[in-house]
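Engineer:
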Amino acid sequence: LPVCLLLGSLWASAWEGSGEAQAPAALRGANRTLQGAVAALAVAAFLLGATRSFAVSRQQEGRAAFSQGALEEAEGAFRAARRMNPFWYAPRYWLAEVALRRGRPQEAVAEMVAAARVSPADGWAAFHLGRFLRAAGRLEDAEASLLLAVHLDRASHLEFYAVLGEVLAATG
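In the working numbering, the protein residues as written are 252 to 423.
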């Protein structure tokens with residue numbers, strides 16, 4: 252926000268220092284339009300930052316509630332975080348964890364599919380989707396998702412390979 256305001260004021264002062272009155276009318280209008288655009292950008296950046304901050308706060312509240320077993324409270328906090336920032340992976344993942352803990356594996360899969368769409372190149376998203384698919388009894392889909400996780404994050408986490416091995420053993 253301060254950078255955007257500074258840029259707007261520098262642009263305005265550049266004309267003042269060079270005699271804006273002598274500038275063509277079209278340039279004076281463009282200057283005012285640019286100042287308005289910079290101000291709008293500054294407000295948008297501030298609101299986006301504030302929304303992200305509030306979403307993080309709600310997600311942290313949800314994690315605290317989840318760790319204490321208060322699943323209804325956790326679910327509400329995660330839903331609020333998802334509403335505030337729909338392109339953030341974390342609240343969707345946690346909503347899937349809540350759904351799984353509450354015995355709703357299909358809902359967990361649906362939420363995790365949405366989370367994986369938000370982060371398509373994230374090995375962890377593919378891994379967790381595979382976990383939830385496995386819990387829902389969809390072993391072939393789980394295998395495909397876990398293989399994708401390994402592909403996306405090859406040198407990564409033994410947990411990826413362990414769960415993939417369990418799924419492969421279960422499918423024969």
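The beta-carbon is built from N, C-alpha and C at its ideal position, and this holds for glycine as well.
All values reported here derive from a predicted model rather than from experimental measurement.
How about Val349: is its C-beta nearer than 8 Å to some C-beta of chain D?
Structural biologist: No chain D is part of this structure, which consists of one protein chain only.
Engineer: First and last residue of the alpha helix (DSSP H) that includes Gly327?
Structural biologist: For the purposes of this step, residue 327 is taken as the residue at position 76 of the sequence shown. Looking at the DSSP string, the run of the alpha helix (DSSP H) that includes Gly327 is 322-335.
Engineer: Taking all protein chains shown into account, do 16 or more other C-beta atoms lie within 10 angstroms of the C-beta of Gln319, making it buried, or fewer, making it exposed?
Structural biologist: By one-based count along the sequence shown, residue 319 stands at place 68. The residue in question, Gln319, is exposed, as its Cβ has fewer than 16 Cβ neighbours within 10 Å.
Engineer: Given a cut-off of 8 Å, decide if Arg382 and Val414 are closer than it, judged by their beta-carbon atoms.
Structural biologist: Residue 414 sits at position 163 when you count from the first residue of the sequence shown. Residue 382 sits at position 131 when you count from the first residue of the sequence shown. Cβ distance < 8 Å, so Val414 and Arg382 count as in contact.
Engineer: Report yes if the C-beta distance between His379 and Tyr344 is below 8 Å; otherwise report no.
Structural biologist: Here residue 379 refers to the residue found at position 128 when the sequence shown is read from its first residue. Here residue 344 refers to the residue found at position 93 when the sequence shown is read from its first residue. Yes, they are a contact pair.
Engineer: Within the same chain, show all residues whose beta-carbon is closer than 6 Å to that of Glu394, passing over the 5 residues directly before and after it, in chain order.
Structural biologist: In the sequence shown, counting from the first residue as 1, residue 394 sits at position 143. Around Glu394: Val418.
Engineer: The alpha helix (DSSP H) that contains Gln357, what's its start and end?
Structural biologist: Your numbering for residue 357 matches position 106 in the sequence shown. First-last of the alpha helix (DSSP H) with Gln357: 356-369.
Engineer: Is Gly388 helix, strand or coil by DSSP?
Structural biologist: Position 137 of the sequence shown, counted from the start, is the residue given in the question as residue 388. Note: Gly388 maps to coil in three-state DSSP.
Engineer: Relative to the C-alpha of Pro342, which residue among Val401, Leu403, Ala366, Gly423 is closest?
Structural biologist: Numbered from its first residue, the sequence shown carries residue 342 at position 91. Of Val401, Leu403, Ala366, Gly423, the residue nearest in Cα terms is Ala366.
Engineer: If you drop the 5 nearest sequence neighbours on each side, which residues of the same chain put their C-beta closer than 8 Å to that of Ser370?
Structural biologist: Numbered from its first residue, the sequence shown carries residue 370 at position 119. Taken in chain order, the residues that qualify are Tyr340, Ala376.
Engineer: Go to Arg343, then tell me how far its alpha helix (DSSP H) extends in each direction, as first and last residue.
Structural biologist: Against the sequence shown, residue 343 aligns to sequence position 92. Looking at the DSSP string, the run of the alpha helix (DSSP H) that includes Arg343 is 340-352.
Engineer: Within 10 Å of its beta-carbon, does Arg333 have 16 or more other beta-carbons around it, so buried, or fewer, so exposed?
Structural biologist: As a working note, residue 333 is residue 82 in the sequence shown. The residue in question, Arg333, is buried, as its Cβ has 16 or more Cβ neighbours within 10 Å.
Engineer: Look at the alpha carbon of Arg309 and the alpha carbon of Glu324, and state the distance between them as a whole number of angstroms.
Structural biologist: What you label residue 309 is simply residue 58 of the sequence shown in a count that begins at 1. What you label residue 324 is simply residue 73 of the sequence shown in a count that begins at 1. The alpha-carbon atoms of Arg309 and Glu324 are separated by roughly 11 Å.
Engineer: Looking at C-alpha atoms only, which residue of Asp392, Glu391, Leu384 is the closest neighbour of Glu362?
Structural biologist: Counting from 1 along the sequence shown, the entry for residue 362 is found at position 111. Ranking the options by Cα distance to Glu362, first place goes to Leu384.
Engineer: Using CA coordinates, which residue listed in Val364, Phe338, Glu326 is at the minimum distance from Leu346?
Structural biologist: Within the sequence shown, numbered from 1, the residue matching residue 346 stands at position 95. Closest by alpha carbon: Glu326.
Engineer: Taking Cβ positions, are Ala328 and Glu348 nearer each other than 8 Å?
Structural biologist: Position 77 of the sequence shown, counting from 1, holds the residue named residue 328. Position 97 of the sequence shown, counting from 1, holds the residue named residue 348. No, Cβ-Cβ distance for Ala328 and Glu348 is not below 8 Å.
Engineer: Tell me which same chain residues have a C-beta within less than 6 Å of the C-beta of Ser304, skipping the five on either side of it?
Structural biologist: On the sequence shown, residue 304 is found 53 positions in, with the first residue counted as 1. Within the same chain, Ser304 has no close Cβ partners at all.
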